[in-house]
Every structure is written in C-alpha cells, then in structure tokens.
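Before any comments, here is the structure.
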Amino acid sequence: MPPKKGGDGIKPPPIIGRFGTSLKIGIVGLPNVGKSTFFNVLTNSQASAENFPFCTIDPNESRVPVPDERFDFLCQYHKPASKIPAFLNVVDIAGLVKGAHNGQGLGNAFLSHISA
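The numbers in the working numbering rise by one with no breaks, and the one at position 111 of the sequence shown is 111.
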C-alpha cells in the first residue's frame, strides 16, 4: 500500500503516564520480602520493618529530593525567580497475598492503597 500524502513517516513518541512535576512510585511485593527495609534505605526514614508478615498495615509515604547537578547549573546560569527541584514520592504498601480480591490479607484495603 502506498504511503499517505503528506506523511513523512515520522511518528510522535507515545505518551506514557501523566504530565506533571510529581513522580510517585509504590513498592509492592509479597509479604516479608524487605519492602519496608528498602523504603527505609531509599527515604532515610524509620518505618517499622519487622520479621513477620503484615508488619506494614497502613502505607508509609515519604517525599525524597532528587539531586541533579544539571538543575543546579541551570539555576546558576539562568537565575530564575524561584527554584523547584524534583522530588520523588515513595509509598511502601503492605504485602500482596494470593486471594486479596476475595478478602485475604488486607483484602480490598490493599487494592485501594494500590489505586491511590
């Protein structure tokens, strides 16, 4: 089939996610595998991390600055009126168990934490 008129064959890149200045990640996995420990190391916080399943019931959230030398250079070069560096919002979610959709483990509460 011949190409359409006016088309130069260049496709725009796909848009993934939402536009915005806020990055948010969730640490999700099976119970008792080290999600809260990883959260503590990543965010330099003191969330409880014990050696038993479902130590985390309510999700832990933290905001972590993302250092970037390029941002510092651009701020020095352009001297903007305000500087808003990048931050990463990290959420530690309780462990996922088989049958959560049927009420096992935290059940629908777990699923609501994921959607938030």
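We put the CB at the ideal spot given by N, CA and C, even for glycine.
For the pair Phe39 and Pro65, the CB atoms are not nearer than the 8 angstroms cut-off.
Here Lys83 carries a coil assignment [DSSP, helix/strand/coil].
Secondary structure note for Leu30: it is in no alpha helix (DSSP H), with a DSSP letter that is neither H nor E.
Per the C-alpha coordinates, the member of Ile93, Asn89, Asp72 positioned closest to Lys83 is Asp72. The continuous beta strand (DSSP E) containing Val64 extends over residues 60–65. Your pair Lys35 and Asp92 checks out as a contact, with CB atoms roughly 6 angstroms apart and the cut at 8 angstroms.
Annotation for Asp72: the continuous alpha helix (DSSP H) segment containing it runs 69–78. CA-to-CA, the gap between Leu30 and Pro80 works out to about 45 angstroms.
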